[in-house]
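Numbering follows the working numbering, with no gaps: position 246 of the sequence shown is 248.
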Amino acid sequence: MADDVALPLSTIPPESFMTRELESLAQALFYQFREMSFDGTGISWETYGAGETQAMQVIERLAKQHGFETHWDPAQILIVRLQGSEPGMTAVATGSHLDSVPQGGNYDGAAGVIGGLIALLAAKDRGGPRRPMEMLVLRGEESAWFGGPCYFGSRAMFGQLTGADLASQHRDNGLSLAEQMRACGVDLTRIEAQDVIRNPDELHSWLEIHIEPGPVLIARDKPVGLVTGIRGNVRHRRVVCRGQAAHSGAVPRWLRHDAVLAMAELLMRMDEHWRVLLEWGEDLVVTSGIVETNPNEHAVSRVPGEVSFALEYRSQDAKTLGSFGNLVRSECEQISVKRGVTF
Ligand SMILES: [Zn+2]
């Protein structure tokens, strides 16, 4: 956190940009974003929300001050453009999102936006690029606000937002995504018609700085890494294991069909498969983030007859996901036979 940095933006001269000044500018922006949004725990910038818009306006004002062209597209994505000496060339694009997960970190998304703006300023200061550069301030990328679906801003831009996306409900205020987008000035007729606002062919490439949402760089004491791939996932949102509820004092082990023990055995077996697959050099992560016995019938003195759980696995290799899925199914079959349960 940039607690010790309190530079007001007005102290940064717009004319000349040396590295040190660019650094100060980045720090001042991170500081300002934090001041605008810190709630004591983290920052909460809702998908297509007011805080997100205000942060985008800060970036827009600064970009304009420094002589960049800016415009808001019909999905209310902000585009900052630096013309190249060959304006007919397709643009190199950069940027990131400015919404956050609830009580998220100050750098998620913002690092890519602020870093992108700095890159444009540096290129301008060095006499301008040959190929045009664009910095896109995306919004509505996080899945936390509307119950799962995500990448709303970029999918709207590419004409891929569906009716189901637009109908999804906000987690707190109950508004639909469509209502929330309309309140931010989005041209919903074009989004509903799945108009392609931006043809990907107009962009030469996309480069993005992003904060690592994990601990590896710190654990390895590295300042930066190059992302070579992003894990795809398979999600079983709710698996139900059914056995047989029974009295914990009266039913001996050999007559039990304990749903929780069956689930635990499955998870331990999958954990062991995961370990072996890593030994073989596969890329894989496995998570069971939700586990619930049925509150209408569970009790300390009752053998659990039912448990539901989530199972998610991710890999950079679709083949690994397929093989792991086969292992899940075959282990479920074996445990079902052994313990007299169903999955
Ligand atoms: Zn992010």
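Glycine included, C-beta positions come from ideal geometry on N, C-alpha and C. Just so you know, these numbers come straight off a predicted model, no measurement behind them.
Best match in Val278, Gly142, Ala180 for proximity to Ile79 [C-alpha to C-alpha]: As a position in the sequence shown, residue 79 is number 77, starting the count at 1. Ile79 has its Cα closest to that of Gly142, out of Val278, Gly142, Ala180.
Check this for me: beta carbons of Met137 and Gly97, under 8 Å apart or not? Translated into the one-based positions of the sequence shown, residue 137 becomes position 135. Translated into the one-based positions of the sequence shown, residue 97 becomes position 95. Taking 8 Å as the cut-off, the Cβ atoms of Met137 and Gly97 count as close.
With hydrogens ignored, establish whether the beta-carbon of Gly111 is closer than 7 Å to any heavy atom of ligand 1. Residue numbering aside, residue 111 sits at position 109 when the sequence shown is read from its first letter. Flag set: Cβ of Gly111 near ligand 1.
Kindly give me the distance between the Cβ atoms of Phe154 and Asp174, rounded to whole angstroms, as I take these residues to be in contact under 8 Å. Residue numbering aside, residue 154 sits at position 152 when the sequence shown is read from its first letter. Residue numbering aside, residue 174 sits at position 172 when the sequence shown is read from its first letter. Incorrect: roughly 17 Å between the Cβ atoms, too far for contact.
In whole angstroms, what is the alpha-carbon distance linking Gly291 and Glu333? As a working note, residue 291 is residue 289 in the sequence shown. As a working note, residue 333 is residue 331 in the sequence shown. Rounded to the nearest angstrom, the two C-alpha atoms are 19 Å apart.
At which residue ranges does the segment 76-162 contain complete beta strand (DSSP E) runs of 3 or more residues, listed in the order of the chain? DSSP runs (the beta strand (DSSP E)) wholly in the segment 76-162: 80-84, 93-99, 135-140.
Given 7 Å as the limit, tell me if His212 has its C-beta closer than that to any heavy atom belonging to ligand 1. Walking along the sequence shown from the start, residue 212 turns up at place 210. A distance criterion of 7 Å places the beta-carbon of His212 in contact range of ligand 1, judged by its closest non-hydrogen atom.
Could you check the C-alpha separation between Pro215 and Thr191 for me, to the nearest Å? For the purposes of this step, residue 215 is identified with residue 213 of the sequence shown, where counting begins at 1. For the purposes of this step, residue 191 is identified with residue 189 of the sequence shown, where counting begins at 1. Distance between the alpha carbons of Pro215 and Thr191: 35 Å.
Do you know how far the Cα of Ser156 is from the Cα of Ala121? As a first step, residue 121 is located in the sequence shown; it is residue number 119 there, counting from the start. As a first step, residue 156 is located in the sequence shown; it is residue number 154 there, counting from the start. For Ala121 and Ser156, the distance between alpha carbons rounds to 21 Å.
Relative to ligand 1, is the shortest distance from any of its heavy atoms to the C-beta of His99 smaller than 7 Å? Walking along the sequence shown from the start, residue 99 turns up at place 97. Answer for His99: yes, Cβ within range of ligand 1.
Chain-order list of residues whose beta-carbon lies under 8 Å from that of Asp273 (same chain, five-residue window excluded): In the sequence shown, residue 273 corresponds to position 271, counting from 1. Within the same chain, Val288 come within 8 Å of Asp273 by CB-CB distance, once the 5 residues on both sides are set aside.
From this set, Gly227, Thr92, Val293, which residue's C-alpha is nearest Ile211's C-alpha? Stepping through the sequence shown from its first residue, residue 211 is reached at position 209. Out of Gly227, Thr92, Val293, the CA that lies nearest to the CA of Ile211 is found in Gly227.
Rounded Cβ spacing between Arg133 and Ala95 (contact assumed at less than 8 Å): One-based indexing of the sequence shown puts residue 133 at position 131. One-based indexing of the sequence shown puts residue 95 at position 93. The pair is not a contact, with the Cβ atoms about 11 Å apart (cut-off 8 Å).
Is it true that the CB of Glu284 sits closer than 8 Å to the CB of Thr322? Position 320 of the sequence shown, counting from 1, holds the residue named residue 322. Position 282 of the sequence shown, counting from 1, holds the residue named residue 284. Cβ atoms of Thr322 and Glu284: closer than 8 Å.
Alpha carbon to alpha carbon, what distance is there between Arg258 and Gln105? For this step, residue 105 is matched to residue 103 along the sequence shown. For this step, residue 258 is matched to residue 256 along the sequence shown. Rounded to whole angstroms, Gln105 to Arg258 spans 44 Å at the Cα level.
Helix, strand or coil: which one does DSSP assign to Cys186? Here residue 186 corresponds to residue number 184 of the sequence shown, with the count starting at 1. Residue state, collapsed to three classes: coil.
Is DSSP giving Thr72 helix, strand or coil here? Counted from its first residue, the sequence shown places residue 72 at position 70. Correct three-state label for Thr72: strand.
Is it true that the CB of Ser102 sits closer than 8 Å to the CB of Glu144? Residue numbering aside, residue 144 sits at position 142 when the sequence shown is read from its first letter. Residue numbering aside, residue 102 sits at position 100 when the sequence shown is read from its first letter. For Glu144 and Ser102, yes; Cβs fall inside 8 Å.
Can you tell me which of Gly42, Leu123, Val330 puts its alpha carbon nearest to the alpha carbon of Arg237? On the sequence shown, position 235 is the one that residue 237 refers to. Here the closest residue by C-alpha is Val330.
Quick one: any contact between the segment 245-263 and the segment 190-206, if contact means 3 or more CB pairs under 8 Å? Counting C-beta pairs with one atom in each stretch, the segment 245-263 and the segment 190-206 have fewer than three that are closer than 8 Å, which means they do not touch.
Roughly how many angstroms lie between the CA atoms of Phe311 and Val242, to the nearest whole one? As a first step, residue 311 is located in the sequence shown; it is residue number 309 there, counting from the start. As a first step, residue 242 is located in the sequence shown; it is residue number 240 there, counting from the start. Each residue's Cα considered, the two are about 7 Å apart.
Alpha carbons only, please: which of Asp223, Leu179, Glu37, Gly161 is nearest the one belonging to Ala195? The count along the sequence shown starts at 1 and reaches residue 195 at position 193. Closest by alpha carbon: Gly161.
Beta carbon of Asp75, beta carbon of Met135: below 8 Å? Reading the sequence shown from its first residue, position 73 is the one you call residue 75. Reading the sequence shown from its first residue, position 133 is the one you call residue 135. The answer is no: Cβ separation not under 8 Å.
May I ask which residues mark the beginning and end of the alpha helix (DSSP H) holding Glu299? Within the sequence shown, numbered from 1, the residue matching residue 299 stands at position 297. Per DSSP, Glu299 belongs to no alpha helix (DSSP H) and is neither H nor E.
Closest to Asp260 by CA distance: which of Ala247, Leu268, Met270 is it? Residue 260 sits at position 258 when you count from the first residue of the sequence shown. Check the Cα spacing between Asp260 and each of Ala247, Leu268, Met270: the tightest is with Ala247.
Selection from His249, Leu286, Asp197, Gln59 that minimises the alpha carbon distance to Ile81: Position 79 of the sequence shown holds residue 81. Checked all of His249, Leu286, Asp197, Gln59; the closest Cα to Ile81 is Gln59.
Helix, strand or coil: how does DSSP classify Asn328 here? The residue you call residue 328 lines up with position 326 of the sequence shown. For Asn328, the three-state secondary structure derived from DSSP is helix.
Hey, could you find the ends of the beta strand (DSSP E) Arg200 is sitting in? Here residue 200 corresponds to residue number 198 of the sequence shown, with the count starting at 1. Unbroken run through Arg200: none, as it is neither H nor E.
Where does Gln34 sit, in a helix, a strand or coil, going by DSSP? Counting from 1 along the sequence shown, the entry for residue 34 is found at position 32. For Gln34, the three-state secondary structure derived from DSSP is helix.
Please report the distance separating the alpha-carbon of Ser39 from that of Gly342. Reading the sequence shown from its first residue, position 37 is the one you call residue 39. Reading the sequence shown from its first residue, position 340 is the one you call residue 342. Taking the straight line joining both Cα atoms gives about 53 Å.
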